[in-house]
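Engineer: Handing you this structure, nothing more for now.
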Amino acid sequence: MASQPFSRRYIIREYWPNQPAGRVREGTCIIGENILFGIDGFSRLYGGSAQLSEINGPVSPAYLANTNPATDVVTLTGGATAIADIAPYQHIMIDGLLYCVRKVISDTAIAVTPNPATLSVNEQIWFLPNLHGITRQKPERASLYAGNAVRYREEAIFAVGRGALKIGGAPLVNSLVASSTPQVAYPIPGGTYDVRPVGFTRAAAVGLLPAGGGTKGMPAGKYSIRVSKKRKGFPGYGLASPATITTIVAGQQLSLQLPPLDPAEGQTSFIVWASSTEDLITGGSAWFMLGEYNYSAVPINIEYTDGELGLLYVDDNFPPPPSSYVITANDRLIFAGWGDAPDASGNPTSPGPGIAVSKSNNPEAFSPDAYAFITPAEEIVGVKTGKPSVRVSDSMVYFMSMSALNIGRFTDETPSRFTCSPYAMAGFTHQYSGCVAYDFFYGLAGSVLMRTRDGTNIETEFSEPVATDFKQIVNARAFVEFDPKNGLVVIFQANAQRAINGSWQTKVWSFNARTQRWNTPVILDLTVCGVAMVAETLYYISTDGRVYEWDALVPGGTPGTIVAYVGSGFDEVGGSQYLKTVSQIKLTANLVNGTVSLYKNNNEIALRTRVGPLAVKTYTSPAVDSQMHYPIWRPVLKVESVAWVVEATSRAGYKFLDVIEIAGTLRTGDVR
């Protein structure tokens with residue numbers, strides 16, 4: 221009987237759970253938990269979650285919920301007011317489980333996804349906090365119960381959705397309670413805000429008379445003036461008043477009586493629009509910006525030359541329609557998710573397929589000429605801003621719906637035209653179903669994580685290594701976001717599994733967008749209900765309203781400990797027909813304490829469940845925070861194929877496993 225020595229050296233750089241049984245892919249593992257793989261190939265433990273001081277707790281209305289697994293409809297009892305309280309595609313919790321509201325049917329009925337898990341009567345319903353960044357420059361985390369908020373030019377805050385807006389866990393001094401009607405919070409001295417609906421209604425007409433004492437030599441003829449409502453210190457303004465015409469003789473000026481301010485809309489000044497000397501016969505067919513004027517209770521005299529006139533007025537400074545989401549792109553505000561069936565007065569409603577883009581330098585004016593709609597014309601469930609494409613200089617905007625990904629782009633046409641085209645016919649569930657990482661959009665569609673750079677080419681091959689795991693994902697309970705600190709696209713699956721004590725846990729997968737490799741899942745002992753990338757850091761919020769930083773180990777700090785494991789596939793070492801004797805195992809790692817377990821003969825069920833290993837070796841590290849060679853283990857085991865699992869309690873964020881070396885003899889003449 222011939223025999224020869226064999227040696228295997230395993231360095232794990234990637235998680236690949238769905239590789240075929242008996243086909244070990246070099247440098248991969250098929251099971252693991254709480255292990256991240258670095259750019260240089262080393263493995264380390266998840267750095268732990270740092271709880272922040274901020275909190276935006278869930279709220280429970282006075283009414284209750286009845287559920288039935290046979291239907292997606294949840295009925296509400298006890299004087300429910302769902303139309304006012306709940307927005308489509310927000311997350312709620314019933315009996316400890318997350319649901320995404322698909323439709324608000326009436327005040328007493330909502331449709332949810334997935335179908336309720338159990339038959340229940342009079343269950344408490346919870347509105348859950350979400351999480352989002354409102355600026356790209358400041359570490360501000362905002363939270364609502366539905367929708368989102370953004371800062372425009374790092375100043376005023378625009379919001380749509382449901383619930384009281386909180387920033388860093390604290391409500392605004394003058395509370396902003398979000399609804400489908402877009403609202404703006406203007407910062408005012410002292411750190412407070414003035415909250416108003418977005419946009420201004422048409423101003424009242426001015427009083428206009430000729431006046432003497434002119435010094436600019438205005439020609440004789442008819443002149444007309446219009447004014448728009450404005451707020452001092454901010455660029456937005458509204459529809460202009462009806463034109464008022466007066467006739468002057470050469471050398472006179474105009475006496476202008478401004479209408480009263482409209483404090484209900486937050487107005488504190490006026491934009492004055494004036495006709496030019498080209499309209500002296502008609503008194504005005506076009507008006508141009510003369511400037512911003514403070515209110516005066518007494519008439520003011522104005523005079524000008526054509527050279528002092530600026531922007532041409534276009535009568536389309538309308539407030540935005542009711543919407544589901546708001547973002548900024550290309551220095552414009554975009555309100556998305558409107559245009560469903562109109563209300564009883566014929567006005568637009570939310571949600572829907574509509575997109576409204578603000579005018580240039582006027583975030584409170586939305587021209588119907590710049591409206592766009594996704595295809596197919598269904599409700600927008602989320603929107604993300606991307607980088608400029610290679611073909612145009614303006615930002616791309618990704619609109620998610622239940623059956624497609626649409627990409628919006630700005631054009632060079634005026635006033636602020638915006639085009640939107642369908643690309644991937646892939647369905648998304650809510651606003652956290654996708655993210656933008658570097659120059660790619662990543663989206664969770666069905667059980668596949670897809671990506672695209674510009675919509676033309678849809679890639680899914682990169683997610684094949686975790687296809688087996690992703691079959692477990694329930695999209696309504698999954699949240700996708702980018703971790704730029706580590707270059708990871710992170711997918712949080714809430715209600716993924718139960719802990720030993722019965723509480724729900726969240727399972728987290730992450731894809732390294734730089735190395736194109738997957739990490740093992742991370743387990744969080746809580747239920748995630750919102751995620752956000754803020755100031756280059758990834759945060760998440762749990763159902764109790766607490767905010768955490770993802771992978772938060774601080775260099776030089778005192779790390780906690782985390783239980784982790786990693787396991788190889790089955791190595792047949794020359795073929796399963798030959799018997800092998802495993803005679804020694806050498807481990808180089810950084811463990812507080814741990815074990816190496818061996819499994820044999822392609823028993824993948826035992827390996828994946830980590831039940832019934834062939835042999836186990838226990839290690840305890842006397843050193844602190846030092847990577848070391850552990851003593852050789854000499855198990856002397858006869859196998860046809862062998863797999864191993866290293867499991868340990870170790871320090872969060874620190875290196876875990878460097879290499880495991882297995883040696884023995886192969887009986888090449890002994891065919892099984």
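Position in the sequence shown counted from 1, then plus 220, gives you the working numbering. Glycine residues also receive a C-beta, built at the ideal position from the N, C-alpha and C atoms. Treat the numbers as computed from the prediction; the structure is a model and nothing was measured.
In chain order, what residues of the same chain lie with their CB nearer than 7 Å to the CB of V612, ignoring the 5 residues before and after it?
Structural biologist: The predicted position of V612 is uncertain, since its pLDDT is 46 and thus under 50; a value taken from the coordinates is nonetheless stated next. So the qualifying residues of the chain are R629.
Engineer: On a Cα-Cα basis, can you pick out the residue from D703, L708, V754, S762 that is closest to Q725?
Structural biologist: The candidate whose alpha carbon is nearest that of Q725 is S762.
Engineer: In angstroms, rounded to a whole number, what distance separates the CA positions of T869 and S570?
Structural biologist: Taking the straight line joining both Cα atoms gives about 50 Å.
Engineer: Identify which residue in G277, I232, E584, V748 has its Cα closest to the Cα of F257.
Structural biologist: The shortest Cα separation from F257 among G277, I232, E584, V748 belongs to I232.
Engineer: Flag this pair as touching only if the segment 558-569 and the segment 275-285 have three or more C-beta atom pairs under 8 Å; answer yes or no.
Structural biologist: Segments in contact, no.
Engineer: Could you work out which residue in N350, G453, E701 is closest to T488 when comparing CA atoms only?
Structural biologist: Among N350, G453, E701, the Cα nearest to that of T488 is on G453.
Engineer: Less than 9 Å between the beta carbons of R371 and D791, yes or no?
Structural biologist: Cβ atoms of R371 and D791: not closer than 9 Å.
Engineer: Give me the Cβ distance between V816 and V866, rounded to the nearest whole Å; I'm assuming they're in contact under 8 Å.
Structural biologist: About 5 Å separates the two Cβ atoms, so the contact holds.
Engineer: With a floor of 4 residues, list each alpha helix (DSSP H) that falls wholly inside the segment 240-328, ordered by position along the chain.
Structural biologist: Qualifying alpha helix (DSSP H) stretches, in chain order: 302-305.
Engineer: Among T295, A300, A270, S269, which residue has its Cα nearest to the Cα of A282?
Structural biologist: A282 has its Cα closest to that of A300, out of T295, A300, A270, S269.
Engineer: Go ahead and pull the three-state DSSP assignment for I231.
Structural biologist: Reduced to three states, the DSSP call for I231 is coil.
Engineer: What is the residue span of the alpha helix (DSSP H) that I445 lies within?
Structural biologist: Here I445 belongs to no alpha helix (DSSP H); instead the beta strand (DSSP E) covers 441-450.
Engineer: Give me, in chain order, the residues of the same chain whose beta-carbon lies closer than 7 Å to that of E549; leave out the 5 immediate sequence neighbours on both sides.
Structural biologist: The displayed chain sequence assigns Ala, not Glu, to residue 549. Same-chain partners within the cutoff: T605, S615, V617.
Engineer: Between the Cα of S444 and those of I387, S580, A362, F508, spot the shortest distance and give me the residue it belongs to.
Structural biologist: Considering only alpha carbons, the answer is F508.
Engineer: Nearest CA to the CA of L510: which residue from S516, S496, A576?
Structural biologist: It is S496.
Engineer: What would DSSP say about I825, mapped onto helix, strand or coil?
Structural biologist: Helix at I825.
Engineer: For N677, I'd like the list of residues in its chain whose CB is within less than 7 Å of its CB, leaving aside the five on either flank, ordered along the chain.
Structural biologist: Cβ within range, chain order: n/a, list empty.
Engineer: Skipping 5 residues on each side, what residues in its chain have a beta carbon closer than 6 Å to that of W236?
Structural biologist: Around W236: R245, T248, P685.
Engineer: Would you mind sorting P775 into buried or exposed? The rule is 16 or more other CB atoms within 10 Å of its CB.
Structural biologist: Residue confidence is low: P775 scores 49 on pLDDT, short of 50, so the model does not pin down where it sits. No coordinate-derived value is stated.
Engineer: So which of T287, Y309, F731, R264 has the shortest CA-CA distance to G873?
Structural biologist: Among T287, Y309, F731, R264, the Cα nearest to that of G873 is on R264.
Engineer: How long is the line joining the alpha carbons of N335 and G267, rounded to whole angstroms?
Structural biologist: Distance between the alpha carbons of N335 and G267: 35 Å.
Engineer: Taking the runs of the beta strand (DSSP E) that are 3 residues or longer, which of them lie wholly in the segment 432-514?
Structural biologist: As far as the segment 432-514 is concerned, its whole beta strand (DSSP E) runs of at least 3 residues are 441-450, 457-460, 464-468, 473-477, 489-494, 508-514.
Engineer: DSSP state of D659, grouped into three classes?
Structural biologist: Three-state DSSP puts D659 in coil, outside helix and strand.
Engineer: Got a sec, what are the start and stop residues for the beta strand (DSSP E) D589 sits in?
Structural biologist: No beta strand (DSSP E) contains D589, which DSSP labels as neither H nor E.
Engineer: What residue range does the alpha helix (DSSP H) around F538 cover?
Structural biologist: It is not in any alpha helix (DSSP H) - F538 carries neither H nor E in the DSSP assignment.
Engineer: Around the Cβ of H849, are there at least 16 other Cβ atoms within 10 angstroms (buried) or fewer (exposed)?
Structural biologist: Per the 10 Å Cβ criterion, exposed.
Engineer: So, using beta-carbon positions, are Y545 and F538 closer together than 9 Å?
Structural biologist: Their beta carbons are not under 9 Å apart, which means Y545 does not touch F538 by this criterion.
Engineer: Taking all protein chains shown into account, decide if L746 is buried (16 or more other Cβ within 10 angstroms of its Cβ) or exposed.
Structural biologist: Label assigned to L746: buried.
Engineer: State whether the segment 344-364 contacts the segment 303-313, with contact taken as three or more CB pairs (one from each stretch) at a distance under 8 Å.
Structural biologist: Enough Cβ pairs lie closer than 8 Å, so yes.
Engineer: Quick check: the Cα distance between N582 and E599, rounded to an integer number of angstroms?
Structural biologist: So the two alpha carbons sit approximately 26 Å from each other.
Engineer: Is it true that the CB of L669 sits closer than 9 Å to the CB of F712?
Structural biologist: Cβ atoms of F712 and L669: not closer than 9 Å.
Engineer: Following the continuous beta strand (DSSP E) through D703, name the residue where it begins and the one where it ends.
Structural biologist: Element bounds for D703: 698-703.
Engineer: Leaving out five residues before and five after Q224 in sequence, what residues of the same chain have Cβ atoms less than 8 Å from its Cβ?
Structural biologist: Once the five neighbours on either side are set aside, the close Cβ partners of Q224 are T885, L886, T888.
Engineer: CB P407 to CB A376, shorter than 9 Å?
Structural biologist: Contact flag set, yes.
Engineer: Would you say the beta carbon of T401 comes nearer than 8 Å to a heavy atom of the ligand FAD?
Structural biologist: This structure lacks the ligand FAD, and indeed carries no ligand of any kind.
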